[in-house]
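Structure record follows, encoded as structure tokens.
Protein chains: 2
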Amino acid sequence: MTFSARLSAAVREKKTPVLVGIDPRFNSIPECLRTGVCASDLKGVAGVFRTFSLRLLDVIAPHVACIKPQLAFFEAAGPYGMAALADVIDYARKLGLVVILDGKRNDIGSTAEGYAAAYLGENSAWKGDALTVSPYLGEDSVQPFVKVAEQNDAGIFILVKTSNPGGGMLQDLQAEGKTIYQHTADWVEKTAAAFAEAQGEKYGAVGAVVGATYPEQLAELRQRMPHAWLLVPGFGAQGGTVKDVAHAFDEDGLGAIINNSRGIIFAHARKDYAGKFTDAQWESAVETAVLEMKAQFEGFVR
Amino acid sequence: MTFSARLSAAVREKKTPVLVGIDPRFNSIPECLRTGVCASDLKGVAGVFRTFSLRLLDVIAPHVACIKPQLAFFEAAGPYGMAALADVIDYARKLGLVVILDGKRNDIGSTAEGYAAAYLGENSAWKGDALTVSPYLGEDSVQPFVKVAEQNDAGIFILVKTSNPGGGMLQDLQAEGKTIYQHTADWVEKTAAAFAEAQGEKYGAVGAVVGATYPEQLAELRQRMPHAWLLVPGFGAQGGTVKDVAHAFDEDGLGAIINNSRGIIFAHARKDYAGKFTDAQWESAVETAVLEMKAQFEGFVR
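Those sequence lines, one after another, are chains A and B. Heads up: the first sequence at position 144 corresponds to 144 in our numbering, and the numbers run straight through without jumps. Heads up: the second sequence at position 190 corresponds to 190 in our numbering, and the numbers run straight through without jumps.
Have a look at this one:
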């Protein structure tokens, strides 16, 4: 089954666009899981990441369709961290979750093939359903990812309009009558539309990252890329609300997945949950947070 | 010692701007090192990468100042590959080589800290002297790398004008009177100049990647970023020549390092060396290639 069909089916089954970001920041992980482990002991840290992430998956898998492990944090724990990431991906896929690897990789064509093979290829140690990709090096740097995605029924999400305050430095510049992010979006749409047509589906395997923190641009980009799944970061801790992302969806409530990382995985430390959960009850906090976010999007997916 | 001072000293000591790219593509590695290992056996592949890279370092370390391991290829061999990368970095630094990790990483600020810690931080498993960074997410996504570099006497190289044919898709667009790559370059220069002033040096710890395949832009960018080291890919196999990169240097022959990957590390397979080296003589081929490239830049470093 194609990536787009798999994602659609998973979102429909779980009836929610909620995407949970797996960002294991060591100092934010519940203390009871970190006892006796120093931040400088990378093997110990990686073990904590593994335990935390696997237990997290058990809690969220019944409720959501997809997860987004953030490679940066696993990489910060060195080769042990990357081995833990492999276990997390394997377990998530066994649980039926769609796994979107957030690596924002990119390089010139012949090297991009290496990244594509590493995360989406048939011999991948970290085989994800999709990978995020940065567009600064242009079309020929993204094509190898598209090709490997096509060969492996995987997907890619290109950074278009990111959620951070400084994203506009390059993305918002006007060139030849449109912004840089619109240039990127038009390339995504062209590629996604070709995919969608070839596969006889509404959406292609090439999607776009568009931040919840820029609601107007999100609505505009939904229109501009009718064949692209939107991966929307910036909900929750970064300030994005349900209202901000409402225009990211199509009439069936599909076409967008809304990421929340800290607000769910570190829910035990949320200020609005103060006094509700002890450190040891972190899994209850996670489940509460994921169900609350699901409730906010109740009725979206039809 | 700061990154810039360390790089200057190393280039002066070896009297050459040659930078050797360590890109272990499995199928290009001499066959005698691959005997009995299948491409799908990632543990075996990582072992081949380790052996090949360590022997390579022994050959090149007496002749050059710096190396640039390409993370994509090590990542393609999974966690085993990333463990091999750690060994390669450790050994290179023991040999006194300046290690520039080519990862082209980037993310929003709080996540960029994870990448910076992973490759430049005090607990890094892959502690490099510098890391390449992509600018698409803007200033606040690059600052965490700058900060960690500053704290660890490390450096970063921002992608400005890349060597691939399609790099112009976004980089060459004109916005507010200058191209996107010039916008990026101006940010690099501003940051590099502040660094250089604070450290009392000619160059700062923030450099730029500028391809040898665009000689006019390379000359222009040398003028535009007087305080930035230039990392110049695209020499050799990609078509760049000594004449193309001649304007990348300052009057002392410093300020630029010229990368060659395939042309050196896979010299045994070079067409112009046909019949000269057997597969088993690959180390002689590497040494010949590195000395020939050095000879082309004879007299540059004063």
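All C-beta atoms in this analysis are idealised placements derived from N, C-alpha and C, irrespective of residue type, glycine included.
Interface flag, residue i vs chain B, CB-CB below 8 Å
{"i": "A/TRP126", "result": "yes"}
{"i": "A/HIS180", "result": "Reading off the sequence, residue 180 of chain A comes out as Ile, not His. Closer than 8 Å: yes."}
{"i": "A/ASP140", "result": "yes"}
{"i": "A/LYS104", "result": "yes"}
{"i": "A/LEU137", "result": "yes"}
{"i": "A/SER4", "result": "no"}
{"i": "A/PRO165", "result": "yes"}
{"i": "A/ALA385", "result": "What the structure shows of chain A is the stretch from 1 to 302, and residue 385 of chain A is not part of that stretch, so it cannot be assessed."}
{"i": "A/HIS227", "result": "no"}
{"i": "A/THR308", "result": "Residue 308 of chain A is absent from the model: chain A starts at 1 and stops at 302."}
{"i": "A/LEU254", "result": "no"}
{"i": "A/THR184", "result": "yes"}
{"i": "A/THR213", "result": "no"}
{"i": "A/THR35", "result": "no"}
{"i": "A/LEU131", "result": "no"}
{"i": "A/THR111", "result": "yes"}
8 Å Cβ cutoff met for residue i and residue j
{"i": "B/GLY47", "j": "B/CYS38", "result": "no"}
{"i": "A/VAL210", "j": "A/LEU218", "result": "yes"}
{"i": "A/PHE277", "j": "A/VAL18", "result": "no"}
{"i": "A/LEU254", "j": "A/VAL98", "result": "no"}
{"i": "B/TRP126", "j": "B/ALA77", "result": "no"}
{"i": "A/ILE108", "j": "A/ASP129", "result": "no"}
{"i": "A/SER4", "j": "A/TYR203", "result": "yes"}
{"i": "B/ARG55", "j": "B/ALA84", "result": "no"}
{"i": "A/TYR80", "j": "B/GLU75", "result": "no"}
{"i": "B/CYS66", "j": "B/ALA280", "result": "no"}
{"i": "B/LEU95", "j": "B/ALA117", "result": "no"}
{"i": "B/THR132", "j": "A/LEU170", "result": "no"}
{"i": "A/TYR214", "j": "B/SER134", "result": "no"}
{"i": "B/ARG222", "j": "B/ALA248", "result": "yes"}
{"i": "B/GLU287", "j": "B/THR2", "result": "no"}
{"i": "B/ALA274", "j": "B/ALA285", "result": "no"}
{"i": "B/GLY240", "j": "B/ALA212", "result": "yes"}
Cβ of residue i within 8 Å of any chain A Cβ
{"i": "B/ILE156", "result": "no"}
{"i": "B/PRO30", "result": "no"}
{"i": "B/MET169", "result": "yes"}
{"i": "B/GLN174", "result": "yes"}
{"i": "B/PRO62", "result": "no"}
{"i": "B/ALA193", "result": "no"}
{"i": "B/ILE108", "result": "yes"}
{"i": "B/GLY114", "result": "yes"}
{"i": "B/ASN123", "result": "yes"}
{"i": "B/LEU231", "result": "no"}
{"i": "B/ALA39", "result": "yes"}
{"i": "B/HIS247", "result": "no"}
{"i": "B/LEU42", "result": "yes"}
{"i": "B/SER8", "result": "no"}
{"i": "B/LEU307", "result": "Nothing can be reported for residue 307 of chain B: it is not among the residues displayed for chain B, which extend from 1 to 302."}
{"i": "B/LEU291", "result": "no"}
{"i": "B/GLY19", "result": "In the sequence under discussion, the amino acid at residue 19 of chain B is Leu, which differs from the Gly named in the question. Cβ-Cβ to chain A under 8 Å: no for B/LEU19."}
{"i": "B/ALA117", "result": "yes"}
{"i": "B/LEU159", "result": "yes"}
Self-check item: 3-residue-minimum beta strand (DSSP E) runs that sit fully inside the stretch 158-245 of chain B, ordered along the chain
Solution: 206-210 and 230-232
Quiz item: What beta strand (DSSP E) runs, 3 residues minimum, are completely inside the stretch 104-141 of chain B?
Solution: 130-133
Quiz item: If you pair each beta-carbon of the stretch 100-116 of chain B with each one of the stretch 67-75 of chain B, do three or more pairs fall below 8 Å?
Solution: Output reads yes: the stretch 67-75 of chain B touches the stretch 100-116 of chain B.
Quiz prompt | Short-range partners of chain A found in the stretch 71-100 of chain B, where Cβ spacing is below 7 Å | solution = For the stretch 71-100 of chain B, the set of residues with a beta-carbon nearer than 7 Å to any beta-carbon of chain A comprises ALA72, PHE73, GLU75, ALA76, GLY78, PRO79, MET82, ALA83 and ALA86, in chain order.
Self-check item: Touching by the beta-carbon criterion (3+ pairs, under 8 Å), the stretch 224-242 of chain A and the stretch 254-263 of chain A
Solution: yes
Quiz item: What residues in the stretch 264-288 of chain B have a beta carbon less than 8 Å from any beta carbon of chain A?
Solution: Answer set for the stretch 264-288 of chain B: empty.
Quiz item: With a cut-off of 8 Å, do at least 3 Cβ pairs link the stretch 190-201 of chain A to the stretch 162-181 of chain A?
Solution: no
Quiz item: Given a limit of 8 Å on CB to CB distance, which residues of the stretch 46-57 of chain A reach chain B?
Solution: none
Quiz item: Curious, which full-length alpha helix (DSSP H) runs of at least 4 residues does the stretch 60-109 of chain A contain?
Solution: 71-76 and 78-94
Quiz prompt | Cβ contact (3+ pairs, closer than 8 Å) linking the stretch 218-231 of chain B and the stretch 289-296 of chain A | solution = Touching, no, given that fewer than three Cβ pairs across the two stretches are closer than 8 Å.
Quiz item: Does the stretch 151-161 of chain A come close enough to the stretch 153-163 of chain B that 3 or more CB-CB pairs lie under 8 Å?
Solution: Because the criterion of three Cβ pairs below 8 Å is not met, the stretch 153-163 of chain B and the stretch 151-161 of chain A do not touch.
Self-check item: Whole alpha helix (DSSP H) elements within the stretch 248-275 of chain A, 4-residue minimum
Solution: At a cut-off of 4 residues, the continuous stretches assigned as alpha helix (DSSP H) that sit fully inside the stretch 248-275 of chain A are 262-265.
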